[in-house]
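Visitor:
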């Protein structure tokens, strides 16, 4: 493996517990739960069909019949998962950013999980200040940092 400029990655770990409370300031935005079999045109990088088939929760926002923002759990939240935090993520396509969609989706997802008694965890890279701001606005609190290394394999073909 070789090291390159983008290999070392640092990030923040944020957590929202049932006792923390959630910002309910979604304005007039109403994200909807994305269910299996929904007929939607997804514009995010998440594979929402696979997400729902795996039992994960997903909430989204639409613009002109296309999903432009989603918040998803990374695993299926079940009764066994209550012993550990459920990790969530959020994504909004670039042209739909700044409209409150990410905050609304993350709030809806976190609220659903908190109501069921789950502890919710969110991770973002250190340099992703917008993602961090959305999580903080919803009510997440930073509890730690993480580091990971992305290596790229160098092939030696005997040349």
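Residue numbers (the numbering used here): 16 to 174.
Using N, Cα and C, we set each Cβ at its ideal position, and we do this for glycine too.
Among residues of its own chain, excluding the 5 on either side of residue 64, which ones have a beta-carbon nearer than 8 Å to its beta-carbon?
Guide: Within the same chain, residue 64 has close Cβ partners 51.
Visitor: What's the C-alpha gap between residue 78 and residue 163?
Guide: In a straight line, the C-alpha of residue 78 is about 35 Å away from that of residue 163.
Visitor: Once the 5 residues before and after residue 97 are set aside, which same chain residues still bring their CB inside 7 Å of it?
Guide: Excluding positions up to five away in sequence, the list reads 132, 133.
Visitor: Of all the beta strand (DSSP E) runs that stay within the bounds of the stretch 113 to 158, which reach a length of 3 or more residues?
Guide: Counting only runs of 3 or more, we get 135 to 140.
Visitor: With a 10 Å radius around its C-beta and 16 neighbouring C-beta atoms as the bar for buried, classify residue 122 as buried or exposed.
Guide: When all chains shown are included, residue 122 counts as buried.
Visitor: Can you list, in chain order, the residues of its chain whose CB lies under 7 Å from that of residue 118, leaving out five sequence neighbours each side?
Guide: Same-chain partners within the cutoff: 41, 149, 152, 153.
Visitor: Given a threshold of 16 other Cβ atoms within 10 Å of its Cβ, counted over all protein chains shown, does residue 146 qualify as buried or as exposed?
Guide: Its Cβ being crowded by 16 or more others within 10 Å, residue 146 is buried.
Visitor: Expressed to the nearest angstrom, what Euclidean distance is found between the alpha-carbon atoms of residue 71 and residue 140?
Guide: So the two alpha carbons sit approximately 22 Å from each other.
Visitor: Closest by CA to residue 24, which one among 158, 142, 156?
Guide: When each option's Cα is compared against that of residue 24, the closest is 142.
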